[in-house]
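Here's the structure, in C-alpha cells; my notes come after.
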Amino acid sequence: MASTFPTPDVTPNPEEGRRVAALDRQHVFHSWSAQAQISPLPIQAASGSYFWDYEGKRYLDFSSQLVNVNIGYQHPKLVAAIQTQAARMTTIQPSFADEQRSEAARLIAELAPGDLDQVFFTNGGAEATENAMRMARLHTGRHKVLTAYRSYHGATAGSITATGDPRRWPSEPGQSGIVHIWGPYPYRSPFHSTSEEEESARALQHLRDTIMVEGASTIAAIMLETVVGTNGILVPPPGYLAGVREICDEHGIVFIADEVMAGFGRCGEWFAVDHWGVTPDLITFAKGVNSGYIPLGGVVISRRIAASFQDRSYPGGLTYSGHPLACASAVASIGIYQEEGIIEHVRAMADTVLAPRLTEIAAKHPSVGDVRGLGFFWALELVKDRQTREPLVPFNAAGPAAAPMNAFAGACKERGLWPFVHFNRTHVVPPLTTTEAELHTGLDILDEALTVADQHASA
Ligand SMILES: Cc1ncc(COP(=O)(O)O)c(C=O)c1O
C-alpha cells in the first residue's frame, strides 16, 4: 500500500522568503559553515518526496535531507500520532516508566538481530555512538576504540574523535584511545586488491595487524558503519563483516555497528547488518527510526553487555532520554513501515529501478567512475578520467576546487532535483516512500545534470 501525502498549500511569497532568510542571517549560527559565506534557502512547505521554497519552486528530494527523512515529509499517520501523544503527555523524565518509551523499545528490540533486546534512547546519532563507546569501555574495562578513516560518527567530543573524515581535524587532539583503520573500498583499494574477495581478506588482515600492534587487551570496541554513509556508500565486500565479528569474538572486543544512517530500511532491511546475517554487540540508530520528525536516537544493547549494568549503575544519561513524544513517533513510524510495506518497496525499487538505471546512467557518462549501493542508498563517484580514476574534485575540496561538483549540483537544483553531494560523489538517497514514477523523474534529471560534470572529464 503506497503512502498518501497531503498536497500543501504553497503560494509563492518571495517577500516572506527574504524576511525568513534575513532573520536567519542575523540570528542563526549554522553547523559546519563560515557564517558570512552561506545563504540558506528558506523552505515553506514539504510533503512526501518534495519540498518547496518561497518562490513556489518545488524540489524532488534525492537527499532525504541528511539521509534521515525515510518515511517522507508530513506522513499524515505519523503527524497524527505525534499530535495524539502531544495531547496525551508531551514529556516525562527518563527515570519513570512510560508507555510509548516501553513500546518503542520493545519494537526496536524485536526488530534487532540476535540477543540485542534493550534500548538506551538518545536525542540523535552522536549521543548514540558516544554512549555505545562508553558501554563498550565499561563492559570490557579497556579503553581503545578502532574506527575507520572513511567514517562519520557524530560531532560531540568522543564521536568526532571516532569520526575518520576531515570534520575531525579541527577538534583534535580529541579523546584519547581512538585508533583509525582502513576499511574495505574496492574502487580505491587501500590494499591494492583487484577483487572484492581480495579486498575483504586484506582489510581483515589489516584489522588483525592493527589489533596485534595496538594490543588486543587494550581494545574495547571496533565501531564501524555497517555501510559507510556520507564517506562514500561503501558496501562491505562479502565476508568482511562476518570476519570482523569473528575477530571481535576471538579477542573479547565489542562490535559496534553504527546504523545511524544505514538502518531503518535505508539498505532494504530493518537493520543493515541483516543483509549479511551478522549480529553485532551494540547497534546505534537515529535518523530513520522516526525520520527526524522529533529528535531521537539510541543504542540497542545485547543481553551480555546489558548484564554488565545490572548491579552497577550505568554512568550516562540525558534529560530527554526516551522522550515520550519522540518515542511515540518511533512507534507510529515502525507501524507505518509495516502496514505500508516500505521495506518491500525499497527492495523492489532497488532491483527494478535504482540498480539498473544508475548502472545505465553510469555507463553513459564519462564523468562517472563507479556506481555502488543497495536499497535506497547509492553513490555515483565522479572522476576526471575513468582510467586513472582521478576524482573530479580533490579529497575534501572546498571553494573554487569544488566548482565542478557545485556546477553539477546547481544543474540538478535548476531542474527541480535536490541532490546529495559529498566530495566527488553524488549520493542517491531519496525518502523510502518515493514512488517509481518519482524515482524515474529524479533519475532523468540526474542523467541530464551529469552532462555538466562530463565537461570536466576526459571522454
Ligand atoms: C553513521 C552516522 N553516525 C552518527 C551520525 C551523527 O548523528 P547526529 O547528526 O544525529 O548526531 C551520523 C550523522 O550523519 C551518521 O551518518
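Residue numbering for the sequence shown follows our numbering, beginning at 17 and increasing consecutively. In this text, a Cβ means the ideal position worked out from N, Cα and C, and glycines have one as well. Computed from a prediction, not measured in an experiment: that's the story for all the values here.
Beta-carbon proximity check, residue i vs residue j, cutoff 7 Å
i: residue 72; j: residue 26; result: yes
i: residue 448; j: residue 369; result: no
i: residue 169; j: residue 156; result: no
i: residue 321; j: residue 151; result: yes
i: residue 212; j: residue 202; result: yes
i: residue 441; j: residue 397; result: yes
i: residue 237; j: residue 161; result: yes
i: residue 308; j: residue 84; result: yes
i: residue 46; j: residue 246; result: no
i: residue 446; j: residue 78; result: yes
i: residue 384; j: residue 423; result: no
i: residue 407; j: residue 417; result: no
i: residue 395; j: residue 304; result: no
i: residue 465; j: residue 400; result: no
i: residue 318; j: residue 131; result: yes
i: residue 87; j: residue 329; result: no
i: residue 281; j: residue 358; result: yes
i: residue 82; j: residue 164; result: no
i: residue 336; j: residue 139; result: yes
i: residue 200; j: residue 187; result: no
i: residue 278; j: residue 288; result: yes
7 Å Cβ cutoff, residue i in contact with chain C
i: residue 126; result: Annotation note: the requested chain C is absent from the structure, which comprises a single protein chain.
Neighbourhood of residue i by C-beta, 7 Å cutoff - its chain only, sequence neighbours within 5 removed
i: residue 290; result: 129
i: residue 173; result: 190 and 191
i: residue 457; result: 76
i: residue 54; result: 46
i: residue 375; result: 387
i: residue 275; result: 242, 287, 288, 299, 300 and 301
i: residue 80; result: 86, 445, 446 and 447
i: residue 412; result: 182 and 439
Near ligand 1: residue i beta-carbon under 6 Å from a heavy atom
i: residue 201; result: no
i: residue 255; result: no
i: residue 168; result: yes
i: residue 315; result: no
i: residue 277; result: yes
i: residue 241; result: yes
i: residue 274; result: yes
i: residue 142; result: yes
i: residue 33; result: no
i: residue 302; result: yes
i: residue 245; result: yes
Close beta carbons around residue i, own chain, < 6 Å, minus the five adjacent residues each side
i: residue 342; result: 310 and 312
i: residue 286; result: 127
i: residue 220; result: 259
i: residue 292; result: 257
i: residue 40; result: 56
i: residue 175; result: 142, 145, 146 and 169
Neighbourhood of residue i by C-beta distance below 8 Å, restricted to the same chain and skipping five residues each side
i: residue 251; result: 243, 388, 389 and 390
i: residue 33; result: 58, 60, 69, 70 and 71
i: residue 67; result: 59, 61, 74, 75, 77, 89 and 434
i: residue 92; result: 20, 21 and 22
i: residue 475; result: 382
i: residue 183; result: 48, 168, 171 and 176
i: residue 419; result: 409
i: residue 451; result: 18 and 65
Next item on the list: Count the C-beta pairs between the stretch 255-264 and the stretch 52-69 that are closer than 8 Å, then say yes if the count reaches three, no if not.
Entry: These segments do not touch.
Margin query: Does the stretch 192-203 come into contact with the stretch 267-278, if we say contact requires no fewer than three beta-carbon pairs (one atom in each stretch) closer than 8 Å?
Written below: With fewer than three CB-CB distances shorter than 8 Å, the stretch 192-203 does not count as touching the stretch 267-278.
Notebook entry, point to check: Are the stretch 297-317 and the stretch 108-118 in contact at 8 Å, needing three or more beta carbon pairs?
Noted result: Judged by Cβ distances under 8 Å, the stretch 297-317 makes no contact with the stretch 108-118, as fewer than three pairs qualify.
Checklist line | 3 or more residues per run - each beta strand (DSSP E) lying fully within the stretch 189-260 | finding: If we require 3 residues or more, the beta strand (DSSP E) runs fully inside the stretch 189-260 come out as 194-197 and 235-241.
Check: Between the stretch 419-434 and the stretch 458-465, are three or more C-beta pairs nearer than 8 Å?
Finding: With a cut-off of 8 Å, the stretch 458-465 and the stretch 419-434 count as touching, because enough Cβ pairs lie within range.
Next item on the list: Please specify which runs of the alpha helix (DSSP H), each continuous and at least 4 residues long, are wholly inside the stretch 106-179, giving them in chain order.
Entry: The stretch 106-179 contains these whole alpha helix (DSSP H) runs: 115-127, 141-156 and 173-178.
Checklist line | Cβ pair count under 8 Å reaching 3, the stretch 354-374 against the stretch 211-231 | finding: By the criterion of at least three beta-carbon pairs nearer than 8 Å, the stretch 354-374 is not in contact with the stretch 211-231.
Margin query: Using a Cβ distance threshold of 8 Å, determine whether the stretch 329-345 contacts the stretch 87-98, with at least three qualifying pairs required.
Written below: Short answer: they touch.
Check: Taking only runs of the beta strand (DSSP E) that begin and end inside the stretch 304-383, which ones reach a length of at least 3 residues, in chain order?
Finding: Listed in chain order, the complete beta strand (DSSP E) runs (minimum 3 residues) inside the stretch 304-383 are 313-318.
Checklist line | Minimum length 3: unbroken beta strand (DSSP E) runs contained in the stretch 40-87 | finding: Qualifying beta strand (DSSP E) stretches, in chain order: 59-63, 66-69 and 74-77.
Notebook entry, point to check: Can you list, in chain order, the stretches of the alpha helix (DSSP H) that have 4 or more residues and sit fully within the stretch 408-474?
Noted result: Counting only runs that start and end inside the stretch 408-474, the alpha helix (DSSP H) elements of at least 4 residues fall at 419-430 and 452-470.
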